[in-house]
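There are 2 protein chains.
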Amino acid sequence: MRMSLLFAPTLKEDPQEAEIVSHRLMLRAGFIRQLSAGVYTFLPLGWRTIEKIIRIVREEMDRAGGQEIFMPAMQPAELWKETGRWDLYGPELIRFQDRRGRDFCLGPTHEEVITDLARREIRSYRQLPLLLYQIQTKFRDEIRPRFGVMRAREFLMKDLYSFDRDMDGLQVSYQKMYEAYCRVFSRCGLEYIAVPAESGVIGGDVSHEFLIIAESGEERVFVCSRCGGATTSEVARCPRCGIPMEEKRGIEVGHIFQLGTKYSEPMKAYFVDRDGKEKPLIMGCYGIGIGRTMAAAIEANHDERGICWPFSLAPYEVVVIPVNIKKERHREEAWSVYEELSQAGFEVILDDREESAGYKFTEADLIGFPIHIIIGEKIERSGMLEIKLRRSNERIEVRRAEVREFLERIRKELVK
Amino acid sequence: MRMSLLFAPTLKEDPQEAEIVSHRLMLRAGFIRQLSAGVYTFLPLGWRTIEKIIRIVREEMDRAGGQEIFMPAMQPAELWKETGRWDLYGPELIRFQDRRGRDFCLGPTHEEVITDLARREIRSYRQLPLLLYQIQTKFRDEIRPRFGVMRAREFLMKDLYSFDRDMDGLQVSYQKMYEAYCRVFSRCGLEYIAVPAESGVIGGDVSHEFLIIAESGEERVFVCSRCGGATTSEVARCPRCGIPMEEKRGIEVGHIFQLGTKYSEPMKAYFVDRDGKEKPLIMGCYGIGIGRTMAAAIEANHDERGICWPFSLAPYEVVVIPVNIKKERHREEAWSVYEELSQAGFEVILDDREESAGYKFTEADLIGFPIHIIIGEKIERSGMLEIKLRRSNERIEVRRAEVREFLERIRKELVK
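So the sequences go chain by chain: A and B. Everything in the first sequence is counted per my numbering, starting at 5 for the first residue and increasing by one. Everything in the second sequence is counted per my numbering, starting at 5 for the first residue and increasing by one.
Dropping the structure here:
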């Protein structure tokens, strides 16, 4: 992609309304724009990062045996009345009537819909275990939407639901998901931690939150550096190892729940077991906030100049910057590097705009491309380019002919 | 994927509520389930086909210079009042109030939202032309939702919006999209036709509908076999060539519009042109119904036994059916073919269920996998497999060792 064509309206000034750094940087770098309080449009750069998170999530859900489906956003009130959540949910649930006066809500979550599907289609233990998931827009009318896409009223979520014959089966499914979540966040290049958690309005007995470690995180968590154990309750020492716990802060990006029969009992989602008896399906549910993961990634990866994307989440991996676009040599070498790297499978952007080098450097830092290739005077004098690594700010001089090989080596290091 | 694990609840009986063949087959083959009138869940097989359509659409929009974004479903009433459509749209527009009593609707289309974005972010002719698109859920409270996902209340659509300096620019963008649409439907393996059309509630002067040719189509269209010209008005002879027009029936799957200033004028979306003057943006909009394309593909490609998917839209390309799963030789050869083809990049499903061969054949025909590989007695006697092509019902005997090469040849023929 050429920067002159890219729709990425950056802002010079810090936007007034943004209270946290990820919100500020997503606005400034041209990743999102607000349509209404807590309601955002993702612009091309923002959407590319979202798509990267979605791809990783999808691959790991599939690898764990999940099957992707797509459920509706508009949900009939009847289902929510069966579980009692029509009354329980309160004003966070967006409600409306269709043209015939029937009550609907916009799904903040899909337990009712999936349990309805399960009770119609799952008859026998032979169909179990079953893991179904979707990546879909959810709605939650927050009393105080804030922090950009971190706490929005309309947001993207991956939600997976597991169905098992018994509690042993649920343990297996839960463990699979636990491990899949670890792989997701680690492939996103994020430092994360899983802690036992309260289950809140979703219900069930056992649950874990997945937090991205970031100083700005809303949640306090205590971690044992020896056994890796973590808790949200204040403790001085690890109950297992006896050593002092370390306090960290984190941002919740995922939550997994053992639901048991919380939804299958009231909705009568039964199956016939091997012994011929009817039993309620044993369920689990597992969510990842897609936009939230993007925001948390920025909270954990930025500096005073802008975003420092993990390689796997960057909207583009490499930006090629000719220092003076009016000089034929700069321009030609930039094009040739751009084309060579694109063909080698890198996601490259060429900053072909007639702007000053300083302006381009500043924007490249703000947007946070992991690798900057700067083509300036040195190309004329000695055939050298400068490669800058955004996060470490390390600068390396590389011969034009060796650029591709050099970047392939870096890529291998960055994507493990 | 193994058939024993796949969540594809097929139905033996024709569902009562389905009036047209695509609806009937999507229910019977386990592609969709209804949640409420005109509101559907896509099950794993259905979602795979949707994803394939989305991938083709995305690639062609990108190739034409489109940049993908993602706009909200919930839209503030204020924007719709600016264009007058808040009143114009009537009960098809789903409306609700948020917890603070502000009016919102669920977008049936996104002209207001994109024009609002454009007026904030497009300042100069230098930013033009600009093509932005999304693939997103739309809502339209149809008075009579019917025909399954063909006319649903909640549905997936690709909508692209073009912004140009002048009418000449719009012609270029419009032509690009016209050609991109031709590529989309032809890559989907569908016979289509583009006809000049009425513009309806979206507005604007020039528009074309894209129809998939199918006997069950709702729209009549008259086509000239010589010049390819087409019209929805009844005519006896081609005005250009003078030869008799052929009558066909089609299903609308795409619609492209030259909007001009219909939205930019009332919403004051201006830019500064090269001559220093403020001018309204010249817009076009371009939609493809994703679920509708899937349904139309079935209307155009089925027989009395089920769906005959075009290769590029099939949820899986190949099904491997061991005739008798209890025979070790059948089972082992089936697994080995399954693994070999999967590794060669085919999307293969292995029917490893303990069902009769007849049952498996019937389901494979119903779901419509393009290629069936049947492993039975012949493998023991002579090392041969049977390959059945779903659409033509042609059966070919192939040596086990030559299966992969044979399928690679077929794939080349089917995906041009």
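Glycine included, C-beta positions come from ideal geometry on N, C-alpha and C. What you are looking at is a predicted structure, and each value in this text was computed from that prediction instead of being measured.
For the pair Glu23 of chain A and Val117 of chain B, the Cα-to-Cα distance works out to about 25 Å.
The Cβ atoms of Gly387 of chain B and Arg403 of chain B lie closer than 8 Å to each other. Here the alpha carbon of His212 of chain A sits roughly 7 Å from the alpha carbon of Phe261 of chain A. Under the three-state reduction of DSSP output, Thr113 of chain A falls in the coil class, being neither helix nor strand. For Asp145 of chain A, the residues of chain B that pass the 8 Å Cβ criterion are Asp102, Arg103, in the order they occur in the chain. A Cβ-Cβ contact shorter than 8 Å links Ala301 of chain B with Leu194 of chain B. Taking a C-beta distance under 8 Å as the contact criterion, Asp18 of chain A and Arg28 of chain A qualify as a contact pair. Boundaries of the alpha helix (DSSP H) around Thr366 of chain A: 361 to 371.
For Pro200 of chain A, no alpha helix (DSSP H) encloses it; the enclosing beta strand (DSSP E) starts and ends at 196 to 200. Setting aside the 5 residues that flank it on each side, Ile247 of chain B is surrounded in the same chain by Arg230, each with a C-beta closer than 6 Å to its C-beta; the list follows chain order.
Collapsing the DSSP output to three states places Asp120 of chain A in a helix. Below the 8 Å Cβ cutoff, chain A contributes Pro76 as neighbours of Tyr44 of chain B, in chain order. C-alpha of Glu337 of chain A to C-alpha of Glu406 of chain A: approximately 13 Å in a straight line. If you compare the alpha carbons of B:Ile414, B:Glu384, B:Glu381, B:Arg385 with that of Lys392 of chain B, the shortest gap goes to B:Ile414.
Within the region 281 to 363 of chain B, the runs of beta strand (DSSP E) that reach at least 3 residues and sit entirely inside it are, in chain order, 282 to 284, 286 to 293, 322 to 326, 352 to 354.
Contact annotation: Leu160 of chain A and Asp120 of chain A have beta-carbon atoms that are not nearer than 8 Å.
Look at Trp51 of chain A: its C-beta is under 8 Å from a C-beta on chain B. In the three-state reduction of the DSSP assignment, Tyr93 of chain A falls in the coil class, being assigned neither a helical nor a strand state. The C-beta distance from Leu164 of chain A to Tyr267 of chain A rounds to 14 Å, too long to meet the 8 Å contact threshold. Taking every protein chain shown into account, the CB of Glu381 of chain B has fewer than 16 other CB atoms within 10 angstroms, so this residue is exposed. In summary, Ser177 of chain B is buried, with 16 or more beta-carbon neighbours lying within 10 Å of its beta-carbon over all protein chains present.
In the DSSP secondary-structure assignment, Gln140 of chain A is bridged to A:Met161.
For Ala81 of chain B, the closest alpha carbon among the candidates B:Gly69, B:His114, B:Met171 is that of B:His114. Take Ala122 of chain A, set aside five residues on each side of it, and the residues of its chain with a beta-carbon closer than 7 Å to its own are Phe167, Ala273, Leu285, in chain order. Residue-level contact by beta carbon holds for Pro80 of chain B and chain A, with a gap shorter than 8 Å. In terms of Cα proximity to His306 of chain B, the closest of B:Ser360, B:Arg357, B:Phe373 is B:Phe373. For Arg99 of chain B, a Cβ of chain A is located within less than 8 Å of the residue's own Cβ. DSSP links Gln71 of chain B through a beta bridge to B:Leu136.
At least one CB of chain A lies nearer than 8 Å to the CB of Thr141 of chain B.
Bounds of the alpha helix (DSSP H) holding Val188 of chain B are 171 to 191. Look at Glu86 of chain B: its C-beta is not under 8 Å from any C-beta on chain A. Taking the Cα positions, Gly111 of chain B is about 17 Å away from Ile147 of chain B.
Each residue's CA atom was taken as its position, placing Leu135 of chain A and Gly69 of chain B some 38 Å apart.
Under DSSP, Met388 of chain A takes part in a beta bridge, and its partners are A:Arg403.
Residues of the same chain with a CB within less than 7 Å of the CB of Glu251 of chain A, apart from the 5 flanking positions on each side, are Arg224, Phe226 in chain order. For a cut-off of 8 Å, the C-beta gap from Val322 of chain B to Ile378 of chain B is around 11 Å, too long to register as a contact.
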